[in-house]
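Asker:
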Amino acid sequence: MNDNKIIALYWERSEYAITATAEKYGNFCHTISYNILHNHEDAEECVNDTYLGAWKSIPPQYPDRLSAYLGRITRNLSLNRFKRYTAEKRGLGQAALALSELEECIPSAKSVEEEVEEKTLVKIIEDFLYAAPPQKRNIFIRRYWYMDPVKKIASMYGMSESKITSLLFRMRRELKKYLEEEGVTL
70 MNDNKIIALY WERSEYAITA TAEKYGNFCH TISYNILHNH EDAEECVNDT YLGAWKSIPP
130 QYPDRLSAYL GRITRNLSLN RFKRYTAEKR GLGQAALALS ELEECIPSAK SVEEEVEEKT
190 LVKIIEDFLY AAPPQKRNIF IRRYWYMDPV KKIASMYGMS ESKITSLLFR MRRELKKYLE
250 EEGVTL
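Under this note's numbering, the final residue of the sequence shown carries the number 255; numbering is consecutive throughout.
1. Grab the span of the alpha helix (DSSP H) containing Met225 for me, first residue to last.
2. May I have the straight-line CA-CA distance separating Thr234 from Arg212, to the nearest angstrom?
3. On the DSSP letters alone, give me the boundaries of the alpha helix (DSSP H) that Asp118 sits inside.
4. Of the choices Ala200, Tyr226, Glu84, whose alpha-carbon is the least far from that of Ile208?
5. State yes or no: is the C-beta of Arg134 within less than 7 Å of the C-beta of Ile101?
6. So, with DSSP's three-state summary, where would you put Arg206?
7. Are Asp217 and Asn104 touching if we call contact CB-CB under 7 Å?
8. If you reduce the DSSP assignment to three classes, tell me which class Arg242 lands in.
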């Protein structure tokens, strides 16, 4: 079933919308959540919460890309759960490592300086990524959006882990330089 039909089911408040979403995007959402949490049961709960989140937000929202919309919900739910776990000194995994790698590139959130600044930062990072060659951009996104382990990314792209690590290091350095050039305070 295509995305527009699934979204139409949400707008009609048909319970089949959740079934159709699970059939088409269940594995996708589970992969995102599992890469962050490294626990199948917790990932499954986040995926189910994703369906509930979609049910509550569509309508009034009408997502342009259902996969990205569901992915964002899943990722946010999983990161929130991960933060709870790490606050309780429970399982650290790829999420902590991936987020720590980006720390020096992303400004700290010490003040509540408006959503405008956040949107500006998002736009600058998007511009940086779209200017990168597709393979480099995709590797960066696999690591820092999907939280894929370096080993998995290396396997996906037929590269060594050290090459992926090096590529990510250079991209983070380039991102930091680009952010500074755009006037973002790090």
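All C-beta atoms in this analysis are idealised placements derived from N, C-alpha and C, irrespective of residue type, glycine included. None of these values were measured; they are calculated from a predicted model.
Answerer: Answer, in terms of the structure:
1. Counted from its first residue, the sequence shown places residue 225 at position 156. Element bounds for Met225: 219 to 226.
2. Residue 234 sits at position 165 when you count from the first residue of the sequence shown. Residue 212 sits at position 143 when you count from the first residue of the sequence shown. Rounded to the nearest angstrom, the two C-alpha atoms are 10 Å apart.
3. The residue labelled residue 118 in the question sits at position 49 within the sequence shown. Per DSSP, Asp118 belongs to the alpha helix (DSSP H) from 109 to 126.
4. Mapped onto the sequence shown, residue 208 falls at position 139. Closest option to Ile208, Cα to Cα, is Tyr226.
5. Taking the sequence shown and counting its residues from 1, one reaches residue 134 at position 65. Taking the sequence shown and counting its residues from 1, one reaches residue 101 at position 32. No, these two residues do not count as a Cβ contact at 7 Å.
6. The residue given as residue 206 occupies position 137 in the sequence shown. The answer is helix: DSSP assigns Arg206 an H, G or I state.
7. The residue given as residue 217 occupies position 148 in the sequence shown. The residue given as residue 104 occupies position 35 in the sequence shown. Yes, they are a contact pair.
8. Within the sequence shown, residue 242 is the residue found at index 173, counting from 1. If DSSP states are grouped into helix, strand and coil, Arg242 belongs with the helices.
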